[in-house]
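In what follows, a single structure is set out as structure tokens and then discussed.
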Amino acid sequence: MLRAVLPLLTLTLIGENESYGYQLVERLAGLGLDVSTGLVYPALSRLERDGLVSTRKVTSSNGPPRKYFALTAAGTKARSAAKEQWLLVAAAVHQATEKEHLQP
Amino acid sequence: MTSSTLQTEDPRPSFPARLRTETYLARVDWHLEAVMNGKHRRSTIRELRQAILSDPRGIDVSLDDLGSPKSLARQYGDDEDLQPLWSIGVISAGSMLFAYWILFLTFAFGMLAATDSSTPMKAHAEFLFVDVTTFSTAEAVGIEWTSGWAWLIVPAIIGVVSFLLGARCWRLFGRSGRRTP
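One line per chain: the protein sequences are W and U, in this order.
In terms of numbering that gives the first Met the number 0, the first sequence has 45 at position 46, counting the first letter as 1, and numbering is strictly consecutive.
In terms of numbering that gives the first Met the number 0, the second sequence has 132 at position 133, counting the first letter as 1, and numbering is strictly consecutive.
Written out as structure tokens, the structure reads:
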């Protein structure tokens, strides 16, 4: 479930603020989602491969340089499309579960 | 997970931590062969190394959070068709041949020990189709084995079969031709 919405979440968070991989994990944790780096790093790699995010290296005082991810124009479009799909799915799930709740 | 719980790490990891990281990355690399080509794989491993070394939680926590090398590699694959794992095939074949030689030498030296305890004596036996002879006299002690077909064919079969099984060669026949660039 989380894996399916991870691209939308990642694109949304990166759209708000340029972030590096572990920082994204922390931001997702801040939203109450316990996501491992083993899930986020491959997701970021796929987004980069598909040209939805751009990257730049920033030197770090605490180890090797960090790779920051930013949203591209294609990423912005993909985020809007994913959000639209998510709203459709969420509305359908909500409708179905509410019906079930109302049945005696 | 939050920054308030993070510990400050020494920027330079210790040798055991570095060794653990490199071992982990080598295993990820072997499994990534199933989902990526060489160039993309090298770049992914390089980025993973940087991410692990710059993780403020420390290397042990970082590696635990990434999960097993196999499952991490699968995540990178994004449900694509899995390719054969040739590197693991080579390692499997090497390991099986090494095991074969160890067993063969253990068998031969075991025979020699038995022969040597009843000098003078000569013994014949067969180990996986290879004739082995040991002898012990007042003048000499030794092991002989025949250099017939079995001497080459048996290790070759063990090597080829373990290579094909280790490499999951059947994946060659289930491919749709899609491959991560």
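Where a beta carbon is used, it is the ideal one built from N, C-alpha and C, also for glycine.
A quick note: this is a predicted structure, and the numbers were derived from the prediction, not measured.
Can you round the beta-carbon distance between residue i and residue j to whole angstroms, since I take them to be within the 8 Å contact cut?
i              : j              : result
residue 119(U) : residue 132(U) : The Cβ separation is near 14 Å, so there is no contact.
residue 52(U)  : residue 37(W)  : The Cβ separation is near 16 Å, so there is no contact.
residue 67(W)  : residue 54(W)  : 7 Å
residue 51(W)  : residue 89(W)  : Wrong, their Cβ atoms sit about 22 Å apart, outside the cutoff.
residue 147(U) : residue 96(U)  : With a Cβ gap of about 19 Å, residue 147(U) and residue 96(U) do not count as contacting.
residue 31(U)  : residue 22(U)  : Between residue 22(U) and residue 31(U) the Cβ distance is about 15 Å, and since that is not below 8 Å, they are no contact.
residue 29(U)  : residue 84(U)  : 6 Å
In chain U, which residues lie less than 8 Å from residue i when you measure between Cβ atoms?
i             : result
residue 35(W) : 64, 65, 66
residue 65(W) : 49, 53
residue 38(W) : 74
residue 20(W) : 50
residue 6(W)  : Within chain U, no residue comes near residue 6(W); the closest Cβ sits about 10 Å away, beyond 8 Å.
Taking the alpha-carbon of residue i as reference, which of the options has the nearest alpha-carbon?
i              : options                        : result
residue 2(W)   : 66(U), 33(U), 13(U), 74(U)     : 74(U)
residue 64(W)  : 48(U), 58(U), 155(U)           : 48(U)
residue 99(U)  : 59(U), 139(U), 107(U), 154(U)  : 154(U)
residue 19(U)  : 43(U), 63(U), 39(U), 156(U)    : 63(U)
residue 12(U)  : 43(U), 40(U), 59(U), 142(U)    : 59(U)
residue 21(W)  : 16(U), 46(U), 50(U), 97(U)     : 50(U)
residue 31(W)  : 8(W), 16(W), 50(W)             : 8(W)
residue 129(U) : 142(U), 121(U), 117(U), 138(U) : 142(U)
residue 41(W)  : 76(U), 145(U), 38(U), 156(U)   : 76(U)
residue 56(W)  : 66(U), 45(U), 57(U)            : 45(U)
residue 169(U) : 25(U), 17(U), 26(U), 33(U)     : 33(U)
residue 106(U) : 54(U), 94(U), 125(U)           : 125(U)
residue 160(U) : 68(U), 80(U), 101(U), 93(U)    : 93(U)
residue 39(W)  : 65(U), 102(U), 138(U), 156(U)  : 65(U)
residue 110(U) : 82(U), 80(U), 156(U), 144(U)   : 144(U)
residue 38(U)  : 29(W), 43(W), 48(W), 35(W)     : 48(W)
residue 34(W)  : 71(W), 70(W), 6(W), 87(W)      : 6(W)
residue 27(W)  : 44(W), 46(W), 86(W), 4(W)      : 4(W)
Which residues in chain W sit within 8 Å of residue i, going by Cβ to Cβ distance?
i             : result
residue 43(U) : 44
residue 61(U) : 36
residue 70(U) : 37
In chain W, which residues lie less than 9 Å from residue i when you measure between Cβ atoms?
i             : result
residue 82(U) : Those within 9 Å of residue 82(U) in chain W number zero; the least Cβ separation is about 17 Å.
For a contact meaning CB atoms closer than 7 Å, what does residue i contact in chain W?
i             : result
residue 46(U) : 66
residue 18(U) : Here the premise fails: no neighbours, minimum Cβ distance about 17 Å.
Which residues in chain U have a C-beta closer than 7 Å to the C-beta of residue i? List them in chain order.
i             : result
residue 31(W) : The premise fails here: residue 31(W) is roughly 11 Å from chain U at the closest Cβ pair, so nothing lies under 7 Å.
**Study point:** Cβ contact (3+ pairs, closer than 8 Å) linking the segment 62-74 of chain U and the segment 74-86 of chain W
**Key:** no
Practice item. Would you check if the segment 87-95 of chain U and the segment 155-167 of chain U touch, i.e. whether three or more CB-CB distances between them fall below 8 Å? Key: For the pair of segments examined, the segment 155-167 of chain U was found to touch the segment 87-95 of chain U: the number of CB pairs separated by less than 8 Å reaches three.
Point to revise | Contained alpha helix (DSSP H) runs [length at least 4] in the segment 8-39 of chain U, N- to C-terminal order | key: 14-31
**Study point:** Segments of 3+ residues assigned as beta strand (DSSP E) that fall wholly inside the segment 10-75 of chain W
**Key:** 52-57, 65-70
Check your understanding: Can you list, in chain order, the stretches of the alpha helix (DSSP H) that have 4 or more residues and sit fully within the segment 128-175 of chain U?
Key -> Restricting attention to alpha helix (DSSP H) runs no shorter than 4 residues, the segment 128-175 of chain U encloses them at 148-165, ordered along the chain.
Review point. Along the chain, which unbroken stretches of the alpha helix (DSSP H) at least 4 residues long are found entirely within the segment 76-129 of chain U?
Key: 85-115
Practice item. Mind listing, in chain order, the continuous alpha helix (DSSP H) runs of no fewer than 4 residues lying wholly within the segment 42-68 of chain U? Key: 58-65
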